[in-house]
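Protein chains in written order, with full-length UniProt numbering: chain A, 1 to 160; chain B, 1 to 369.
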């Protein structure tokens, strides 16, 4: 493999992992629990970081495109684990659910295994993505039903 | 003189804690409110507490509101106090509001905008008549209509339509992402726009609304237009140290207001519209709009305008927006000030005695003359 294709392969792997971590972070705790437990139950791992809760400062831009400013913070729970074979998994989730962060870290580690990748993508990540997308679609269709056409009234003095 | 503390009263204080607990609960024959109920059904109160408490966490904000019996300012204080117990994990990448999943988006400047005008959930076109149907329990409430298709994925900013013609000042990042953090550094004057916007974002909605109102009533000469107001969900990205690449860590609801204002122009710059910006957590239109008006008013100095009115005076505005500080200062006057007051009392007595002597002497002098 030449260096260009190796870099491309690495970037593709990073994009993939970033994608699943993003799906896990925005999951609903109970949904992740339901889908992830069949893979996580009884699995041996050690903690690299026991689940904890912290803050992320959310930043905006003046005018949407200008200089950066601090809008306010949000809560995030995180955890890191290492599987028996040495694979490291990191979990970041919105809010303060430590169990959800633990499950996200375990799923992240398992997804890095070629043996588990396809099954977990199909049984955990894709269902989470589809449910989130269905909720987004429903919201967007409700908003779309309130789309409005305003007409400017023609006043008497205006020429026809 | 400095405040002199008192001690004692432990039993009374313990008892007042029990009494407040009972008052908070109200009639025990009624069901107790759950945090989910507060979060779902008092969603706008939760949004305000998250914005001014400066922590996006619906459950914590709902808890704060429950504990404070619905008192928003007290709830904001509780949330601010809690945030000090948590470590800072990361700074997010700046959010891109052009990528928002839109739930509401309107413009008062153009009626035909790419992506369309979307009213979303709003009280704007309601009659403001009390709805007694809501007083009845167990009634079926109307459900939202579903359009056949969702909204267009990409919804460009309305303000960019003017930007392309150069009719409005451009906003670009000339500080390479560096920004002031009020939670880490004390306020500085003159304040940069980053410091001002953070301060306004956390600031009290009522104070901001009053100031914004003053700018359009003659104490600021503003003649604003809402270029765009949008509400929706936005992804928050961080780059965790151990990963070294960006991941989406959350999706938050924000309200953004782009306010357009007139500008005469100078010898060097041709006439051009100027901008004020408002951004708040949750659905918080009044706050975002007021913030954008006050932001524009405080830009007077950098735009070469006279600083004549309260809303244009950044030291006045920024020092008084924070309702935790403001209510702390105002509220502390009800704490025991016995020693201070004794000192004042003695002083007034002494001054009165001296006054009486001086007057008597003056009268005797008059009589003598």
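Ideal placement from N, C-alpha and C gives every residue a C-beta, glycine not left out.
Could you tell me whether the segment 270-289 of chain B touches the segment 235-247 of chain B, where touching means 3 or more Cβ pairs closer than 8 Å?
Touching, no.
Helix or strand or just coil, what does DSSP make of residue 74 of chain A?
Strand, per DSSP.
Does any residue of chain A have a CB that is nearer than 8 Å to the CB of residue 275 of chain B?
Answer yes: the Cβ-Cβ gap between residue 275 of chain B and chain A drops below 8 Å somewhere.
Just how far apart, CA to CA, sit residue 297 of chain B and residue 242 of chain B?
Distance between the alpha carbons of residue 297 of chain B and residue 242 of chain B: 43 Å.
Between B/23, B/104, B/167 and B/174, which lies nearest to residue 143 of chain A when the distance is taken from Cα to Cα?
Closest by alpha carbon: B/104.
I need the DSSP call for residue 43 of chain A, collapsed to helix, strand or coil.
DSSP places residue 43 of chain A in coil when its eight states are reduced to three.
Should the segment 104-120 of chain B be called in touch with the segment 103-111 of chain A, which here means at least 3 C-beta pairs below 8 Å?
No, the segment 104-120 of chain B does not touch the segment 103-111 of chain A.
If we cut at 8 Å on Cβ distances, does residue 43 of chain A have a partner in chain B?
No, its Cβ sits nowhere closer than 8 Å to a Cβ of chain B.
For a quick check, are the C-beta atoms of residue 58 of chain A and residue 252 of chain B less than 8 Å apart?
Taking 8 Å as the Cβ cut-off, residue 58 of chain A and residue 252 of chain B qualify as a contacting pair.
Kindly list the residues whose CB is nearer than 6 Å to the CB of residue 300 of chain B, restricted to its own chain and excluding five residues on each side of it in sequence; keep chain order.
Correct list, in chain order: 307 and 312.
Going along the chain, which residues of the segment 28-44 of chain B sit with their C-beta nearer than 8 Å to a C-beta in chain A?
So the list is empty, because no residue satisfies the distance condition.
Quick check: the segment 61-72 of chain A against the segment 156-175 of chain B, are at least 3 beta-carbon pairs closer than 8 Å?
Contact holds: three or more Cβ-Cβ distances are below 8 Å.
Would you decide whether residue 156 of chain B is buried or exposed? Buried here means 16 or more other CB atoms lie within 10 Å of its CB.
When all chains shown are included, residue 156 of chain B counts as exposed.
Is there a Cβ of chain B sitting closer than 8 Å to that of residue 73 of chain A, yes or no?
Closer than 8 Å to some Cβ of chain B, the Cβ of residue 73 of chain A qualifies, so yes.
Does the distance from the C-beta atom of residue 286 of chain B to that of residue 209 of chain B stay below 8 Å?
Contact: yes.
Whose CA, out of A/77, A/35, A/43 and A/9, lies closest to the CA of residue 109 of chain A?
Nearest C-alpha to residue 109 of chain A: A/43.
Taking the alpha carbon of residue 35 of chain A as the reference point, which residue from A/68, A/131 and A/50 has its own alpha carbon closest?
Here the closest residue by C-alpha is A/131.
Label residue 141 of chain B either buried or exposed according to how many other C-beta atoms from any shown protein chain fall within 10 Å of its C-beta, with 16 as the threshold for buried.
Residue 141 of chain B comes out exposed.
Identify which residue in A/65, A/94 and A/70 has its Cα closest to the Cα of residue 78 of chain A.
Answer by Cα proximity: A/94.
What's the call for residue 230 of chain B, buried or exposed, on a 16-neighbour Cβ count within 10 Å?
Its Cβ being crowded by 16 or more others within 10 Å, residue 230 of chain B is buried.
On the three-state DSSP scale, how would you describe residue 351 of chain B?
Looking at residue 351 of chain B - three-state DSSP - the assignment turns out to be helix.
What residues of chain B sit near residue 55 of chain A, judged by a beta carbon separation below 8 Å?
Under the 8 Å cutoff, chain B gives 55, 83, 86, 87, 88 and 89.
Would you mind stating whether residue 145 of chain B and residue 145 of chain A have Cβ atoms separated by less than 8 Å?
Contact flag set, yes.
Residues in the segment 127-142 of chain A with C-beta within 8 Å of chain B's C-beta atoms, listed in sequence order?
Against chain B - using a Cβ distance shorter than 8 Å - the residues of the segment 127-142 of chain A are 136, 137, 138, 139, 140, 141 and 142.
So for residue 160 of chain A, helix, strand or coil by DSSP?
Only weak support exists for where residue 160 of chain A lies, its pLDDT of 47 falling under 50; the coordinates are left without a value.
Rounding to the nearest angstrom, what Cα-Cα distance links residue 14 of chain A and residue 127 of chain A in this structure?
Approximately 21 Å, taken between the alpha carbons.
For a test of the three-state rule: what should DSSP assign to residue 51 of chain A, helix, strand or coil?
DSSP places residue 51 of chain A in strand when its eight states are reduced to three.
Could you spell out where the alpha helix (DSSP H) holding residue 53 of chain B opens and where it closes?
Note, residue 53 of chain B: alpha helix (DSSP H), 43-53.
Since residue 21 of chain A meets chain B, which of its residues come closer than 7 Å, beta carbon to beta carbon?
Ordered by position in chain B, the residues that pass the 7 Å Cβ test against residue 21 of chain A are 247.
Going by DSSP, which residues form a beta bridge with residue 147 of chain A?
BP columns for residue 147 of chain A point to B/118.
For residue 12 of chain A, count neighbouring C-beta atoms within 10 Å of its own C-beta (all shown protein chains included) and say buried if the count is 16 or more, exposed if not.
Flag for residue 12 of chain A reads exposed.
Measuring alpha carbon to alpha carbon, tell me which residue in A/91, A/137, A/122 and A/151 is nearest residue 48 of chain A.
Cα-wise, what sits closest to residue 48 of chain A is A/91.
At 9 Å on the CB atoms, spell out the chain A contacts of residue 281 of chain B, in chain order.
Per Cβ cutoff of 9 Å: 58, 71, 72 and 74.
Please identify the residue among B/248, B/250 and B/222 whose C-alpha is closest to the C-alpha of residue 273 of chain B.
Measuring from the Cα of residue 273 of chain B, the nearest candidate turns out to be B/222.
I want to verify the contact list: residues of chain A whose CB lies under 9 Å from the CB of residue 179 of chain B, in sequence order.
Under the 9 Å cutoff, chain A gives 59, 67, 68, 69 and 70.
Under a three-way DSSP split, which group does residue 56 of chain B fall into?
In the structure shown, residue 56 of chain B sits in a strand (DSSP, three-state: E or B).
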